[in-house]
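Colleague: Numbering (UniProt numbering), first residue to last: 1 to 260. Input: one structure, supplied below.
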Ligand SMILES: NC(=O)C1=CN([C@@H]2O[C@H](COP(=O)(O)OP(=O)(O)OC[C@H]3O[C@@H](n4cnc5c(N)ncnc54)[C@H](O)[C@@H]3O)[C@@H](O)[C@H]2O)C=CC1
Ligand SMILES: O=C([O-])CC(=O)C(=O)O
């Protein structure tokens with residue numbers, strides 16, 4: 001499978017190293033990257049043997065089968081429909097963009113018409129299978145997420161004691177923290193939707209990890225999951241697990257027996 005990556009940051013670098021250098025996915029190669037800075041394209045051409053592009057059309061015509069978005073919510077808004085229109089499968093990690101129900105619907109419709117697929121990795125959380133199962137009979141009652149990160153990642157400054165920087169719906173959370181709470185939207189899409197999924201975000205000066213606690217109640221019973229994620233050294237806002245989840249989605253695409 002020939003992969004194209006949109007983005008030039010920590011998740012993109014991790015994927016290039018894992019797939020093209022460490023060869024952790026034997027059936028996959030990253031062929032092309034779409035990045036904003038020409039010097040990154042040039043460096044990556046040399047280091048990872050990829051073709052670097054700044055132009056979306058040239059990138060999409062570079063012989064790739066599938067596109068991984070590893071950039072920003074805005075990049076999804078800008079590129080996702082164009083990728084699907086070109087009949088390339090798409091992995092989206094900036095899932096926050098799909099809080100926009102009209103964009104979600106348009107993407108869904110064009111995937112149905114063209115037989116193309118969009119994959120949303122579980123990102124920095126887990127338990128989406130449970131939420132999805134509970135929701136399949138419509139008997140999911142409540143889902144809440146409490147996220148705790150170092151203050152610099154969330155609010156760009158230090159605080160002395162922990163501070164609740166947000167409490168409200170997932171819809172509001174992603175509009176205020178688009179680089180920190182994509183997890184709230186994938187959780188919403190699996191379950192009750194972004195207006196009924198509640199989110200609390202805490203800036204914690206003691207935190208060395210990005211923690212996410214998910215609590216769900218329904219006819220199935222009750223679930224509590226606590227993730228204590230190591231951050232990516234190159235971008236502490238992002239948990240290492242989020243990068244691994246993209247790799248996992250790509251791996252699933254090459255397998256014939258699906259788990260979960
Ligand atoms: N779903 C989830 O659980 C998680 C999602 N994320 C999201 O994943 C995305 C990537 O994360 P990181 O690699 O850590 O971010 P990063 O900040 O290290 O890298 C983002 C890169 O995208 C590039 N970029 C921005 N707009 C672009 C455009 N229009 N075209 C091409 N490149 C563009 C930037 O130049 C930067 O190099 C972010 O949106 C982040 O919020 C991160 C962690 C968890
Ligand atoms: O990586 C994390 O811990 C969560 C994150 O940034 C996001 O969901 O946008």
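Built from N, CA and C at the ideal position, the CB exists for glycine as well. Keep in mind that this is a model prediction, so the values were computed, not measured.
1. For a minimum of 3 consecutive residues, which ranges assigned as the beta strand (DSSP E) are wholly contained in the UniProt domain "Aspartate dehydrogenase" (162–247)?
2. So, is residue 46 buried or exposed, given that buried needs 16 or more other C-beta atoms within 10 angstroms?
3. CA-CA distance, residue 97 and residue 122?
4. Using the Cα positions of residue 142 and residue 213, report the straight-line distance between them to the nearest angstrom.
5. Using 10 angstroms around the beta-carbon of residue 84, count the other beta-carbons present and answer buried if the total reaches 16, otherwise exposed.
6. Since residue 201 and residue 181 are thought to touch, with beta carbons under 8 Å apart, how far apart are those beta carbons, to the nearest angstrom?
7. Starting from residue 13, follow the alpha helix (DSSP H) in both directions and report where the run begins and ends.
8. State the beta-bridge partners of residue 4 as determined by DSSP.
9. For residue 210, which option in 255, 190, 154 has the closest C-alpha, if you only look at C-alpha atoms?
10. Taking 6 Å as the cut-off, does the CB of residue 93 come closer than this to any heavy atom belonging to ligand 1?
11. As a quick exercise: from 227, 224, 226, 243, pick the residue whose alpha carbon is nearest that of residue 233.
Modeller: The short version:
1. 163–169, 197–203, 210–218, 221–229, 235–239
2. exposed
3. 15 Å
4. 14 Å
5. buried
6. 7 Å
7. 10–16
8. 32, 67
9. 154
10. yes
11. 243
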